[in-house]
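Here the structure is laid out as structure tokens; the discussion comes afterwards.
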Amino acid sequence: MKNMSYLCEVSDEDCRDRLRMDRAAFHKLCFVLQYVCGLKCSRRVSVSEKVTMFLSILAHHTKNRCVKFAFKRSGQTVSKHFHAVLSSVSRLHAMFLVKPQLITEDDTDPRCQQFQGCLGALDGTYIDVHVHITEKGQYRNREG
Numbered sequence: 212m213k214n215m216s217y218l219c220e221v222s223d224e225d226c227r228d229r230l231r232m233d234r235a236a237f238h239k240l241c242f243v244l245q246y247v248c249g250l251k252c253s254r255r256v257s258v259s260e261k262v263t264m265f266l267s268i269l270a271h272h273t274k275n276r277c278v279k280f281a282f283k284r285s286g287q288t289v290s291k292h293f294h295a296v297l298s299s300v301s302r303l304h305a306m307f308l309v310k311p312q313l314i315t316e317d318d319t320d321p322r323c324q325q326f327q328g329c330l331g332a333l334d335g336t337y338i339d340v341h342v343h344i345t346e347k348g349q350y351r352n353r354e355g
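Residues 212 to 355 in this note's numbering are what the sequence shown lists, from first letter to last.
Written as structure tokens, this is what we have:
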């Protein structure tokens with residue numbers, strides 16, 4: 212619990228460095244996970260501590276051993292609460308993810324006429340792709 216009080220007393224910048232979100236977003240996430248997804252406090256671990264463990268593992272690719280040392284919990288406890296938060300977060304997919312719409316023949320956007328019947332991102336979404344070093348030459352253009 213000492214760890215959690217430290218999080219609440221630090222600045223938003225320190226919280227952002229540690230959890231990759233400010234304190235307000237962290238508290239909103241805890242609220243949504245608790246009241247919408249049904250994440251519950253255990254006897255000795257609060258919802259905010261569970262979410263902190265989860266975010267520190269994801270944000271910094273922290274191993275279970277490091278988290279168990281930082282939070283003074285057993286490895287089994289850290290793993291159990293990580294999976295509890297992960298299952299709660301996965302229940303949020305219906306709330307935040309949007310299913311793509313099929314492009315129909317009556318679509319008036321001229322950019323979409325060639326892609327009738329296709330699903331996908333046609334809104335200028337950038338997708339970062341890493342090409343194997345042996346194939347980089349065939350994808351090189353005048354811009355590098």
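Glycine residues also receive a C-beta, built at the ideal position from the N, C-alpha and C atoms.
Backbone CA spacing between residue i and residue j [nearest angstrom]
i       : j       : result
Ile-268 : Lys-274 : 7 Å
Cys-248 : Ser-299 : 5 Å
Cys-277 : Met-264 : 10 Å
Ser-253 : His-272 : 25 Å
Asp-223 : Gln-287 : 30 Å
Ala-235 : Ser-259 : 12 Å
Ser-285 : Asp-317 : 59 Å
Met-232 : Gln-324 : 40 Å
Gly-348 : Gln-245 : 51 Å
Glu-346 : Phe-242 : 47 Å
Pro-321 : Thr-315 : 12 Å
Cys-226 : Leu-303 : 23 Å
Val-289 : Val-340 : 33 Å
Lys-279 : Asp-228 : 19 Å
Arg-351 : Val-221 : 47 Å
Leu-266 : Ile-344 : 33 Å
Rounded distance between the beta-carbons of residue j and residue i, thought under 8 Å
i       : j       : result
Lys-261 : Leu-250 : 7 Å
Leu-230 : Ala-270 : 6 Å
Exposed unless 16 or more other CB atoms sit within 10 angstroms - verdict on residue i
i       : result
Ser-301 : exposed
Phe-282 : buried
Val-342 : exposed
Val-256 : buried
Phe-237 : buried
- Query: Between the stretch 305–315 and the stretch 277–294, do at least 3 Cβ pairs fall closer than 8 Å?
  - Reply: Between the stretch 305–315 and the stretch 277–294, the count of C-beta pairs closer than 8 Å stays below three; the two stretches do not touch.
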